[in-house]
Every structure is written in C-alpha cells, then in structure tokens.
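Engineer: Following this message is one structure expressed as structure tokens.
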Amino acid sequence: MNIRLKEAINDRVKEMDIFSGNEKLRTMFINCFMNTIETTVEILDDGSVYIITGDIPAMWLRDSTGQVKHYLKFANEFDEIKRMIMGLIKRQMMYINIDPYANAFNKEPNNKGHVTDLTKRNPWIWERKYEIDSLCYPIQLAYLFWKETGITQHFDTDFKKAVKTILSIWKFEQKHETSDYRFKRLLSSETDTLQNNGKGLPVNYTGMTWSGFRPSDDRCIYGYLIPSNMFAVVVLKYVEEIALQIYNDIDLQNEAKILGQQIDDGIKKYGIIEHHKYGKIYAYEVDGFGNYIVMDDANVPSLLSIPYIGYSNSDDPLYINTRKFILSEDNPYYFKGQYAKGVGSPHTKKGYIWPMSLIIQALTSNDVKEIMDIINVLLNTDAGTNYIHESFDGDNPQNYTRHWFAWANSLFAELILKIMGVY
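Letter by letter, the sequence shown follows residues 37 to 459 in this note's numbering.
In structure tokens:
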C-alpha cells in the first residue's frame, strides 16, 4: 500500500503548479506525507493499530490522531488507509477505557515509560499527564472519518463507553477540588510536576473543565486551559450528532449539549480579557478567581489554531485581536530570529521557533503571500533534512529539536494538501 500511495500522491504533485521548478518542496512534501505510514504504524494481531510519535517509542492519543489526519481524504481510495484509521480508533478507545487521565501508552502492558511518576500507575501507561485535548482528538478523528467515508462500524460499544467516560471526566473536572488526580515527577523540570503537592493550583467553578497539562505536556499554571476547552466544545457537538444519528440516544445527546454549553459559557465569561493594546482577546489560561495568563504555545490546540480546530472563524473579531497579540512580541513566546519569526514554547529554549506554529499560522490565514512566505521559511529552516522538526533556533536553524517528529511532518503535508485543493 505504501508504494501505491506514494505513486498516487506523486501523480497529484505532477499536476500542481506549486511544485513547478521547486524540487525542494516536492521532496519535502512527499517525505512528510509518507513519514507516518512508512515509519510509525504497526498493525497488531487484534486488528488495532499502534502508532508511535516518532523518536519516542510510545503512542500519544493526540499525536496519533494528528499523524493520520492528512490521510483522511485518501481513505475512500485506499482500503488499507480505511483499515489503518479504523484500527487506530479501536486502539485509542481501548486506551481511554483503560485510563482517561493518561496521555501516552505502551503497545502492551510492559510498564515502560515514566514508571517513577507519583500518580496512579498502570503497566499500559507510558505517561499519565491529564490533558483535555488527549480526549478531544480521538473523537475528532472518529467523527471526521465517518464524514469522509460514511463508515459507522467504529462507533461500537467500546467507542460509546469511551465517550461516556470522557463526558463523565469532563463533568467531574468542572469541580477539580473533588478530584483525586495527582501528578508529580521527581528530579525533573518543574514544568513536569503539578503545583500544590501534585493537585495543581486552586481553581474556582467556571463551567469549564480542568486540565493538568497543556498539549506541550507542560503543566498548566491556571487549570482552565482556554484553547483546550474550546476544542472540547467543538467535539461535544460531534458527540451530539453521533449520539443522535448513530446511537439514537437522546440522553447522551442532551448530556453532551448541556456540558458543551456550560464550558462555552465559561469561556465567554472568564476566558476573555481586555488588553490595553489589542482590546478584547482570549486568555491562554485562567483560574476563575480573576487570575490569567496571556500567551500562546505552539502546540495544538492553541489560541492561534482556533479556526483550525473549528471553534470560530478566522474573521471573528475576537480571534483577529487575539491573533494580532499572538503574532507579536507582546506574546512572551513569539520569537524573531535572523531566519524566521514565529511562536515557540516554554517546552523548548528561548528563541526556538516551532514549525507547527508556522504551519497553523498558514492554515488559519487567508493571505496568499503570508502562506507562501511561511512555506519558504519552512523549506529554508529544515537543516537540510527535508523533514519538519519540533523547533529550531531562529538565528541558526542547524540547531533543532527532535529529528523525527511525525505529527509535525503530517501537519506540513496537510498544509500543502490544502494548497493543492485536496482539503
């Protein structure tokens, strides 16, 4: 299948003006498009699919979804892609039903990973950092796969059980003070450990749901992570539709609708602040007591990615104001270097720009010049590898992090497919 898929995408490339005379772009696109399926996918005996994130030999719920999303438009053409995505969804649901608080898992119950973390342990778990988006992404993948192919058999009893578990956790974590979730990592960076003896700083009830960690796997300072709550609102609408059209379950539909409205009301009441320079913008994190952080992080969901995750359109005034802030040096993680400017992350060194943030900037832009400028930056900052990395030094792109980061490669392929008119 890999050979046929590569031939098919090569045929499409030949037809597109964007690749005319640009061998670098053609090579990089093909490499990134094929990276997940060529290097990270393992079909298991039970028909499920295990996908490692790249240079870390574990499967993240978030990353594994992002790694295959660009293949969705090819699912009707290649039965193998259908089976791969269905197998991945099966595996994701199995993991969620094992422990919805975990973000990354082992292929088998072998106790690999961060076994010394102070949290509830299970031999299936590589890492147990609780992140809202880890539960959003599998629902998104199952929904988009259904809409692309019309296939519904992945909405089985395990899927429904996982969805009910997710809704239960999100409702429970609306009042985090009652939760027994704890996470501490000894002898590590402070960003790997929740404050307040592993519980996180106190939060007030807002209607939003609490998250221990960001999509970067760094801890939240204030527990209501706005972009992840936005993503929850989006996927809860997916759950409403699945509940009605697949399960004919009015109770589940209403449960998702009420929870989604509570979270959205909380975002609107507590997640919008008045900035002295940009007017009303979204905060990144809040605690419900009036404290907030204004910043953005490169990992998705981010504030920059709001239209990409489907929470609002790119012409929404609040998003426009927020975007102006994010893409300025008023954002403490926006860096300008000799070779590039863009959003980085506290997860990496100061001055290191994340290609993921540049790609999201392009995917949420309606400005053709901005998009093409970003593509050129990506082509010129790959350190000659013809792949996308986690981050690079804006003043010296030869210095970069993560030589094999499949999600970023897939996201770059998704951007080029969008320009090609596939998405």
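Note that the Cβ used here is the ideal one computed from N, Cα and C, for glycine as well.
Could you name the residues of the same chain whose beta carbon sits closer than 6 Å to that of F371, not counting the 5 residues immediately before and after it, in chain order?
Structural biologist: G380, G387, I389, G430
Engineer: Quick one, which of Q231, E450, I309 has its alpha-carbon nearest I395's?
Structural biologist: E450
Engineer: What is the DSSP secondary structure of A111, counted as helix, strand or coil?
Structural biologist: coil
Engineer: Assess, as a yes-or-no matter, whether the region 316-324 is touched by the region 225-232 under the definition of 3 or more beta carbon pairs within less than 8 Å.
Structural biologist: no
Engineer: Please report the residue range of the beta strand (DSSP E) in which E163 lies.
Structural biologist: 161-163
Engineer: DSSP state of E184, grouped into three classes?
Structural biologist: helix
Engineer: Along the alpha helix (DSSP H) that carries N445, what are the first and last residues, could you check?
Structural biologist: 442-456
Engineer: What is the DSSP secondary structure of G90, counted as helix, strand or coil?
Structural biologist: strand
Engineer: Could you tell me the boundaries of the beta strand (DSSP E) in which V77 lies?
Structural biologist: 77-79
Engineer: Less than 6 Å between C-beta atoms, sequence neighbours within five positions excluded: which residues of the same chain meet that for G302?
Structural biologist: T242, G243, M244
Engineer: Over what stretch of residues does the alpha helix (DSSP H) that includes P263 continue unbroken?
Structural biologist: 262-278
Engineer: Give every residue of the same chain whose Cβ lies closer than 8 Å to the Cβ of D91, excluding the five residues on either side of it in the sequence, and list them in chain order.
Structural biologist: R438, H439, W440, F441
Engineer: Less than 8 Å between C-beta atoms, sequence neighbours within five positions excluded: which residues of the same chain meet that for S84?
Structural biologist: The beta carbon of S84 sits closer than 8 Å to those of G123, L124, K126, R127, M130, all from its chain and outside the five residues before and after it, given in chain order.
Engineer: So what does DSSP say about F427, is it helix, strand or coil?
Structural biologist: Looking at the sequence shown, residue 427 is not Phe but Ser. The answer is strand: DSSP assigns S427 an E or B state.
Engineer: So the candidates are G248, K273, D418, G346; which of them puts its Cα closest to the Cα of L261?
Structural biologist: G248
Engineer: Under 8 Å between the Cβ atoms of I161 and D135?
Structural biologist: yes
Engineer: Considering only the alpha carbon of each residue, which of R164, R40, F65, V49 lies closest to E113?
Structural biologist: For E113, the closest alpha carbon among the candidates R164, R40, F65, V49 is that of R40.
Engineer: Of the choices E276, V336, Y217, whose alpha-carbon is the least far from that of S264?
Structural biologist: V336
Engineer: Taking the DSSP output, what are the residues bridged to H439?
Structural biologist: In DSSP, H439 forms no bridge with anything.
Engineer: Using DSSP with H/G/I as helix, E/B as strand and the rest coil, what is A419?
Structural biologist: A419 falls in the coil class under three-state DSSP.
Engineer: Could you name each continuous alpha helix (DSSP H) segment of 4 residues or more that falls completely within the region 186-249, going from the start of the chain to the end?
Structural biologist: 193-208, 231-234
Engineer: Apply the 10 Å Cβ neighbour rule to D323 and answer buried if 16 or more other Cβ atoms are within range, or exposed otherwise.
Structural biologist: buried
Engineer: Label N402 either buried or exposed according to how many other C-beta atoms from any shown protein chain fall within 10 Å of its C-beta, with 16 as the threshold for buried.
Structural biologist: exposed
Engineer: What does Y328 pair with, by DSSP beta-bridge criteria?
Structural biologist: V322
Engineer: Of the choices K360, T417, M408, whose alpha-carbon is the least far from that of Q374?
Structural biologist: With distances taken between Cα atoms, Q374 lies closest to T417.
Engineer: With contact counted as at least three CB pairs below 8 Å, one residue from each stretch, are the region 133-150 and the region 88-107 in contact?
Structural biologist: yes
Engineer: According to DSSP, is H106 part of a helix, a strand, or is it coil?
Structural biologist: helix
Engineer: Starting from the Cα of S446, find the closest Cα among Y274, E74, K207, K305 and give me that residue.
Structural biologist: Nearest option by C-alpha distance: E74.
Engineer: What's the C-alpha gap between L272 and K109?
Structural biologist: Going by C-alpha positions, L272 is about 23 Å away from K109.
Engineer: Which class does I257 belong to by DSSP, given the choice of helix, strand or coil?
Structural biologist: coil
Engineer: Would you mind stating whether C68 and F428 have Cβ atoms separated by less than 8 Å?
Structural biologist: Their beta carbons are not under 8 Å apart, which means C68 does not touch F428 by this criterion.
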